[in-house]
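Residue numbers for the sequence shown follow the numbering used here, so the first one is 148 and each next one is one higher.
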Amino acid sequence: MPEDADTLLTSQTFRTLVVLTIAAMMPAGCRRASHQPPPPILLVTFDTLRADHCSAYGYGRPTTPTLERLARKGVLFETAYAPMATTTPSHATMLTGLLPREHGLVRNGEALPPGQRILAEVLELAGYRTAAFVSSFALDHRFGLARGFETYDDDFGPAMVARTEPWEGHRVEQAFDRTADKTCRRALDWLGAQGYLGPPVPGRRPFFLWVHFFDPHDPYRPPEAHAALFPPLGPKPSELDRQIAHYDGEIHFADAELGRLLDELDHFGLLAQTMTIVAGDHGEGLMQHGHMGHGLMIYEEAVRVPLVVHWPRALPGPRRVAGPVQLLDITPTVLDLLGKPLDTLGHARSLAPILRGRDSPDPAREVFLQRRRYETETVGTVHVKGEKTAVRQGRWKYIEAPEEGTHELYDLAADPHELLNLYGPSVAEASLLAGKLQAWRQSVAPPPVLSVSEEDARRLRSLGYVQ
Ligand SMILES: [Zn+2]
């Protein structure tokens, strides 16, 4: 057993009550607890992975056998939403439990405001060993998501071809990204160096490991072995067919590397006891709405992502959960599963009751979506201006971009691909959802979900749980 029993999670505030609770459970000086020790936690994020291109979600090509394997013993959320189709804000949402409008990082190139805590900080304070291995400059440590990670590996080595253009205002002095095999290798090296891939060591602290794979992001250039699995469809494949086939090959490649990581954990008896969460950070447009890529649109293909939780030692499974959930929910869910539910959630929800089979998602829960603000721009063939926001509730989804003069209403039950705009100024569903959207935009951001004062941290350390 690699876990260290003397580490505990606290609630979001680490405030007096929680600290006293911990103290009551574990008297000062006691280095072992009698209750279940905290588990290792593995968070794997796939960049640019739309749910409907995963075989685990019913896609016709076998793109994600590893995700299927996890789902066979875990919980798969069939309707999981990213808050934005943009890498850094979406990851910030996963790690803070706040929507981009709330945590304040609303576009790539920005940094998470200093006042916002992320999950790794809380877990580190609670005694976890923390490490992240990311694969894109969009998650460079300068953007604020390295906080709380003892190891934050964003070193991709020198660029094959020097990048002359800045990226979102930042000079990129090394390679912009790296492939999943390299990232996986580094993560495994870290696990090995820390002694996790070996015989159990009494008193070993649990780990929180975040691994980010970038491969499904364009350009789609899968390794040949993976490309060969998915030839373009049709007797006369178009360039789009070829692009989609290569996108699928990239998904398969990254999924295979996830498999390699899980195999190693399994080999050393760690997988069943590890709380493993796998998610996409956003989807990808493949011309469903006249656009390749992501960032500009908040249609379903851009924001519906896979989300699978695998923790067979502690959760009943397998199950597929239909109702809407959000990446926003990951942080409160992790803390709740560790026994410390949050009392400040904003729009987030803990999925722990659902994962334990005691509840199901509220079908009427509002899902708010947004796109960053643009000055007047033409990106490819798409004209964008201002902000775009949306809300989904039940079967209805309403999208508006006032500065573009667009309003859209879709019945997702009848029209899951959002092809028939039902908007009209007198349509009741549009008016209702427009009102909810306006109220959300005008609402004051809720307090941070994760907030740990220096005093709280000092008290935690004084209890002797953090080395
Ligand atoms: Zn991304």
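In this text, a Cβ means the ideal position worked out from N, Cα and C, and glycines have one as well.
For clarity, every value in this text was computed on a predicted model and none was experimentally measured.
If I measure Cβ to Cβ from residue i and keep anything under 6 Å in the same chain, skipping five residues before and after, which residues do I get?
{"i": "Glu522", "result": "none"}
{"i": "Tyr275", "result": "Pro353 and Phe355"}
{"i": "Leu516", "result": "Ile445, Val450 and Ala537"}
{"i": "Val358", "result": "Val191, Phe280 and Ala334"}
{"i": "Val529", "result": "His438 and Leu443"}
{"i": "Thr226", "result": "Pro471"}
{"i": "Gln614", "result": "Reliability fails at Gln614, whose pLDDT of 37 lies under 50, so the model's placement of it is uncertain and the value that follows must be treated cautiously. No residues qualify anywhere along the chain."}
{"i": "Arg460", "result": "Ala419 and Gln420"}
{"i": "Leu559", "result": "Arg542 and Lys544"}
{"i": "Ile188", "result": "Phe355 and Met422"}
{"i": "Glu297", "result": "Thr277"}
{"i": "Ala198", "result": "Tyr204, Arg451, Val452 and Pro453"}
{"i": "Ser590", "result": "none"}
{"i": "Thr553", "result": "none"}
Excluding sequence positions up to five away, which residues of its chain have a Cβ less than 8 Å from the Cβ of residue i?
{"i": "His317", "result": "Gly256, Phe284, Asp287 and Arg289"}
{"i": "Met434", "result": "Leu387"}
{"i": "Gly406", "result": "Pro212, Thr213 and Arg216"}
{"i": "Gln390", "result": "Tyr367, Leu433 and Met439"}
{"i": "Ala392", "result": "Ala374, Phe377, Pro378, Pro379, Leu380 and Pro384"}
{"i": "Pro260", "result": "His250, Gly251, Leu252 and Gly291"}
{"i": "Pro313", "result": "Val319"}
{"i": "Glu524", "result": "His530, Val531 and Lys532"}
{"i": "Thr311", "result": "none"}
{"i": "Pro488", "result": "Ser158, Pro479, Leu482, Ser497 and Ala499"}
Hey, residue i and residue j: beta-carbon distance below 8 Å or not?
{"i": "Ser507", "j": "Asp476", "result": "no"}
{"i": "Gln540", "j": "Leu567", "result": "no"}
{"i": "Leu196", "j": "Arg467", "result": "no"}
{"i": "Pro236", "j": "Arg254", "result": "yes"}
{"i": "Glu404", "j": "Asp301", "result": "no"}
{"i": "Leu214", "j": "Asp402", "result": "yes"}
{"i": "Gly295", "j": "Thr277", "result": "yes"}
{"i": "Leu597", "j": "Thr243", "result": "yes"}
{"i": "His414", "j": "His373", "result": "no"}
{"i": "Gly493", "j": "Glu268", "result": "no"}
{"i": "Pro463", "j": "Gly416", "result": "no"}
{"i": "Gly221", "j": "Val455", "result": "yes"}
{"i": "Gly571", "j": "Pro549", "result": "no"}
{"i": "Pro271", "j": "Leu344", "result": "In the sequence under discussion, the amino acid at residue 271 is Glu, which differs from the Pro named in the question. No, the Cβ-Cβ distance between Glu271 and Leu344 is not below 8 Å."}
Since residue i and residue j should fall inside the 8 Å C-beta cutoff, what is the C-beta to C-beta distance between them, to a whole number of angstroms?
{"i": "Val574", "j": "Leu556", "result": "6 Å"}
{"i": "Gly396", "j": "Leu376", "result": "7 Å"}
{"i": "Thr423", "j": "His457", "result": "4 Å"}
{"i": "Glu576", "j": "Trp543", "result": "5 Å"}
{"i": "Tyr204", "j": "Pro366", "result": "Between Pro366 and Tyr204 the Cβ distance is about 24 Å, and since that is not below 8 Å, they are no contact."}
{"i": "Gly427", "j": "Glu448", "result": "Between Glu448 and Gly427 the Cβ distance is about 11 Å, and since that is not below 8 Å, they are no contact."}
{"i": "Met231", "j": "His429", "result": "7 Å"}
{"i": "Gly304", "j": "Gln321", "result": "6 Å"}
{"i": "Leu252", "j": "Ala258", "result": "7 Å"}
{"i": "Leu484", "j": "Ala495", "result": "Wrong, their Cβ atoms sit about 14 Å apart, outside the cutoff."}
{"i": "Leu474", "j": "Tyr228", "result": "7 Å"}
{"i": "Val526", "j": "Glu551", "result": "Val526 to Glu551, Cβ: 12 Å. No contact."}
{"i": "Tyr394", "j": "His564", "result": "Not a contact, Cβ separation roughly 17 Å."}
{"i": "Thr233", "j": "Arg588", "result": "Going by Cβ atoms, the distance from Thr233 to Arg588 rounds to 18 Å, so no, they are not a contact pair."}
{"i": "Tyr299", "j": "Ala293", "result": "4 Å"}
{"i": "Leu408", "j": "Cys331", "result": "5 Å"}
In the DSSP assignment, what residue or residues form a beta bridge with residue i?
{"i": "Met439", "result": "Leu433"}
{"i": "Ser283", "result": "Asp324"}
{"i": "Lys535", "result": "Arg518"}
{"i": "Gly464", "result": "None; Gly464 has no bridge partner."}
{"i": "Val591", "result": "Paired residue(s): none; Val591 is not in a bridge."}
{"i": "Arg276", "result": "Phe354"}
{"i": "Val427", "result": "Inspection of the sequence shows that residue 427 is occupied by Gly rather than by Val. Bridge partners of Gly427: Phe193."}
{"i": "Arg451", "result": "Tyr228"}
{"i": "Pro471", "result": "Thr226"}
{"i": "Met422", "result": "Ile188"}
{"i": "Tyr557", "result": "Lys544"}
{"i": "Asp300", "result": "Phe280"}
Determine, using beta carbons only, whether residue i comes closer than 8 Å to chain D.
{"i": "Leu356", "result": "The structure shown contains no chain D; it holds only a single protein chain."}
Taking 7 Å as the limit between beta carbons, can you name the residues of its chain near residue i, skipping five residues before and five after?
{"i": "Phe361", "result": "Asp194, Ser282, Ser283 and Asp324"}
{"i": "Arg219", "result": "Pro465"}
{"i": "Gly339", "result": "none"}
{"i": "Ile665", "result": "An answer regarding residue 665 cannot be provided, because it is not within the stretch 148 to 614 covered by the chain."}
{"i": "Ile501", "result": "Val468, Ser507 and Pro508"}
Subject >> Any heavy atom of ligand 3 nearer than 5 Å to the CB - residues listed >> reply: By its list of ligands, the structure shown excludes ligand 3, since it contains just ligand 1.
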